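Visitor: The structure follows.
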Amino acid sequence: MSESTPALEAAHIDVRFGGIRALDDVSLTLRPGEICGLIGPNGAGKTTLFDVLSGIRRPDEGRIHLAGTDITRRSPVWRARHGMRRTFQRQQLFGQLTAADNLVVAQEWRGGGGGLAADLMAAPTRRTYERDRRARAAEVLRVCGLDGLGDTYAGALPVGRARMLELARAVADPPKVLLLDEPASGMTADESRHLSSVVRHLSDEEGCAVLLVEHNVAFVMELCARVVVLDLGTVLAEGTPAEIHADQRVRDAYLGTTAG
Ligand SMILES: Nc1ncnc2c1ncn2[C@@H]1O[C@H](COP(=O)(O)OP(=O)(O)O)[C@@H](O)[C@H]1O
Ligand SMILES: [Mg+2]
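Heads up: the sequence shown at position 185 corresponds to 170 in my numbering, and the numbers run straight through without jumps.
And the structure:
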C-alpha cells in the first residue's frame, strides 16, 4: 500500500428503501490517520452510510475499498478482522459482562478451541494469549479513563461511561479505520473532552483513520480536520471546519437550525 492509498474509499454509493433514496451517489475518502466529521440533519443518511461501510447493508450501487482492497462484498466480520471497527448510535454493550470482559471478548481469539480439557492441558502459549488479552483490556480501560471500573457490569455503568466503553471495545484490537456514530451523545463535557483526546491519540499515534458522526457541531469542528455534510442522501459540502461554517447552503440546511 502506497502513502497515497486511502484507508477507506466509498465511491458512488446508492441505497434505496422502497421509494426513499437514503443515499444517492455518495462518495467519500478517508486518508490514513485523518479524523473526518460527518454531519447533517436527521434522516440525511449518516447511519445508513455507516451500515454500508461496515458491511451490515449492501449498497444498491457503488464500491468500497479498504486500504486498496475491494471489500464491497465482504462481511462485517471480515472487515472487522481487517481493521475496520464501528460503534453504534444506540448502545450495544454486553450488559451482563463486566467492562473488562467486554474488552476481552472483543479481541481476536488466538488461543484455539477445545473446551475445558484443552484449557487445563493448554500449552503455555495459550495461557500467554489469555494473559495478553487481559493486559490489553486493562491498558485500554486506563487509556479511556475507565480504570477502576473493570469489574463493573457494563449494564450498570452510567451512560457516558458506557459510551466510552463502546469506544474502548472498538479499539481493543488496534483499528485501522474507526467509524463512530454519535459517540459523545449522553456524555458530560468532561467525558466528551476525554473522548476527543482518545480519538486524537488513535489518529496521531496509531495512524487510525476516523469517521465521526456527531450532532454536537462544536465537538466535530474542534476535533476534525475535514468535515463532510450529508443532506437528503447526498454530499452537500465538504471542507475544513472553517469552510463548512462559512458555507451558506450548509447553514441553510443544517447549521442554521442547530448552531444559530
Ligand atoms: N431500515 C430502513 N428502512 C426504511 N427506511 C430507512 C431505514 N433506515 C433508514 N431509513 C431512511 O433512510 C433515511 C436515512 O436515515 P439514517 O441513515 O438513519 O439518517 P441519519 O443517521 O442521518 O439520521 C431516512 O429517510 C430514514 O427514514
Ligand atoms: Mg443516525
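Glycine is no exception: its CB is placed at the ideal position from the N, C-alpha and C atoms. Model, not experiment: these values are computed from the prediction.
Taking contact to mean 3 or more Cβ pairs, one atom from each stretch, closer than 8 Å, check whether the stretch 120 to 129 and the stretch 60 to 68 are in contact.
Guide: no
Visitor: CB-CB under 6 Å to aspartate 216, same chain, minus the five flanking residues each way: which ones, in chain order?
Guide: Counting from 1 along the sequence shown, the entry for residue 216 is found at position 231. Cβ within range, chain order: Gly25, Ala29 and Ala238.
Visitor: By the three-class DSSP mapping on this structure, what secondary structure does glutamate 207 have?
Guide: Looking up residue 207 in the sequence shown gives position 222. The answer is helix: DSSP assigns glutamate 207 an H, G or I state.
Visitor: In the DSSP assignment, find the alpha helix (DSSP H) that holds valine 162 and state where it starts and stops.
Guide: Mapped onto the sequence shown, residue 162 falls at position 177. Segment 162 to 166 is the beta strand (DSSP E) holding valine 162; no alpha helix (DSSP H) there.
Visitor: Could you check the C-alpha separation between glutamine 81 and phenylalanine 73 for me, to the nearest Å?
Guide: Here residue 81 is taken as the residue at index 96 of the sequence shown, counted from 1. Here residue 73 is taken as the residue at index 88 of the sequence shown, counted from 1. Whole-angstrom Cα-Cα distance: 18 Å.
Visitor: Closest by CA to valine 235, which one among Thr137, Arg119 and Val202?
Guide: Locating residue 235 in the sequence shown gives position 250, where the first residue counts as 1. If we check each option's Cα against that of valine 235, Val202 comes out closest.
Visitor: Return yes when the C-beta of glycine 32 is under 7 Å from any heavy atom of ligand 2, and no when it is not.
Guide: The sequence position of residue 32 within the sequence shown is 47, counting from 1. The sequence shown places threonine at residue 32, not glycine. The answer is yes for threonine 32.
Visitor: Spatial neighbours of alanine 244 within its chain, please: C-beta separation below 6 Å, excluding the five flanking residues on both sides.
Guide: In the sequence shown, counting from the first residue as 1, residue 244 sits at position 259. Low confidence applies to alanine 244: its pLDDT is 44, below 50, so where it sits in the model is not reliable enough to give any reading.
Visitor: Let me check one thing: in DSSP terms, what residues is phenylalanine 2 bridge-paired to?
Guide: Mapped onto the sequence shown, residue 2 falls at position 17. Paired residues: Ile5.
Visitor: Nearest-angstrom Cα distance between lysine 31 and alanine 222?
Guide: Within the sequence shown, residue 31 is the residue found at index 46, counting from 1. Within the sequence shown, residue 222 is the residue found at index 237, counting from 1. Using only the alpha carbons, I get a separation of about 14 Å.
Visitor: Report the CB separation of arginine 42 from threonine 33 in whole angstroms; it is logged as a contact under 8 Å.
Guide: Against the sequence shown, residue 42 aligns to sequence position 57. Against the sequence shown, residue 33 aligns to sequence position 48. The Cβ separation is near 7 Å, so the contact holds.
Visitor: Looking at the strands, I want to know which residues DSSP matches up with histidine 50.
Guide: In the sequence shown, counting from the first residue as 1, residue 50 sits at position 65. DSSP lists Glu(-6) and Asp55 as partners of histidine 50.
Visitor: Quick check: what's the CA-CA separation for proline 168 versus alanine 153?
Guide: Reading the sequence shown from its first residue, position 183 is the one you call residue 168. Reading the sequence shown from its first residue, position 168 is the one you call residue 153. Distance between the alpha carbons of proline 168 and alanine 153: 11 Å.
Visitor: What residue range is occupied by the uninterrupted alpha helix (DSSP H) comprising methionine 149?
Guide: Taking the sequence shown and counting its residues from 1, the one referred to as residue 149 is at position 164. Run containing methionine 149: 144 to 155, per the alpha helix (DSSP H) assignment.
Visitor: Should glutamine 77 be counted as a contact of ligand 2 given a C-beta to heavy atom distance under 7 Å?
Guide: For this step, residue 77 is matched to residue 92 along the sequence shown. No, the beta carbon of glutamine 77 sits no closer than 7 Å to any heavy atom of ligand 2.
Visitor: Classify arginine 58 as buried or exposed, calling it buried when 16 or more other Cβ atoms lie within 10 Å of its own Cβ.
Guide: For the purposes of this step, residue 58 is identified with residue 73 of the sequence shown, where counting begins at 1. With fewer than 16 other Cβ atoms within 10 Å, it is exposed.
Visitor: Should leucine 38 and leucine 8 be called a contact, given that it needs their Cβ atoms to be closer than 8 Å?
Guide: Counting from 1 along the sequence shown, the entry for residue 38 is found at position 53. Counting from 1 along the sequence shown, the entry for residue 8 is found at position 23. No, the pair does not count as a contact, with Cβ atoms beyond the cut-off.
Visitor: Let me make sure I understand the geometry here. Which of Leu51, Arg116, Phe79 and Glu199 has the alpha-carbon closest to that of glycine 68?
Guide: Counted from its first residue, the sequence shown places residue 68 at position 83. Glycine 68 has its Cα closest to that of Leu51, out of Leu51, Arg116, Phe79 and Glu199.
Visitor: For a test of the three-state rule: what should DSSP assign to aspartate 10, helix, strand or coil?
Guide: What you label residue 10 is simply residue 25 of the sequence shown in a count that begins at 1. Aspartate 10 falls in the strand class under three-state DSSP.
Visitor: For ligand 2, I want to know if glutamine 92 counts as a neighbour, meaning its beta carbon is within less than 7 Å of at least one of the ligand's heavy atoms.
Guide: As a first step, residue 92 must be located in the sequence shown, where it is residue number 107. Remark: the shortest separation between the CB of glutamine 92 and any heavy atom of ligand 2 does not fall under 7 Å.
Visitor: Give the C-beta separation of glycine 135 and alanine 123 to the nearest angstrom, bearing in mind that I take them to be a contact with Cβ-Cβ under 8 Å.
Guide: As a position in the sequence shown, residue 135 is number 150, starting the count at 1. As a position in the sequence shown, residue 123 is number 138, starting the count at 1. That belief holds up - the Cβ atoms of glycine 135 and alanine 123 are roughly 7 Å apart, short of 8 Å.
Visitor: What three-state label does DSSP hand aspartate 216 in the structure shown?
Guide: The residue you call residue 216 lines up with position 231 of the sequence shown. Three-state result, aspartate 216: strand.
Visitor: Under the three-state reduction of DSSP, which class applies to leucine 187: helix, strand or coil?
Guide: Counting from 1 along the sequence shown, the entry for residue 187 is found at position 202. Reduced to three states, the DSSP call for leucine 187 is helix.
Visitor: In chain order, what residues of the same chain lie with their CB nearer than 8 Å to the CB of cysteine 209, ignoring the 5 residues before and after it?
Guide: Against the sequence shown, residue 209 aligns to sequence position 224. These residues qualify, in order along the chain: Ile20, Cys21, Gly22, Leu197 and Pro226.
Visitor: For aspartate 45 versus arginine 1, is the C-beta spacing smaller than 8 Å?
Guide: For the purposes of this step, residue 45 is taken as the residue at position 60 of the sequence shown. For the purposes of this step, residue 1 is taken as the residue at position 16 of the sequence shown. Their beta carbons are under 8 Å apart, which means aspartate 45 touches arginine 1 by this criterion.
Visitor: Hey, is aspartate 166 close to ligand 2, as in C-beta under 7 Å from one of its heavy atoms?
Guide: Counting from 1 along the sequence shown, the entry for residue 166 is found at position 181. At least one heavy atom of ligand 2 is nearer than 7 Å to the Cβ of aspartate 166, so yes.
Visitor: Here's a check: name, in chain order, each residue in its chain whose Cβ is nearer than 8 Å to the Cβ of glutamate 151, leaving out the five neighbours to either side.
Guide: As a position in the sequence shown, residue 151 is number 166, starting the count at 1. Sequence-distant Cβ neighbours of glutamate 151 in its own chain, meaning closer than 8 Å and more than five residues away, are Thr72, Phe73, Gln76, Gln77, Leu78 and Pro168.
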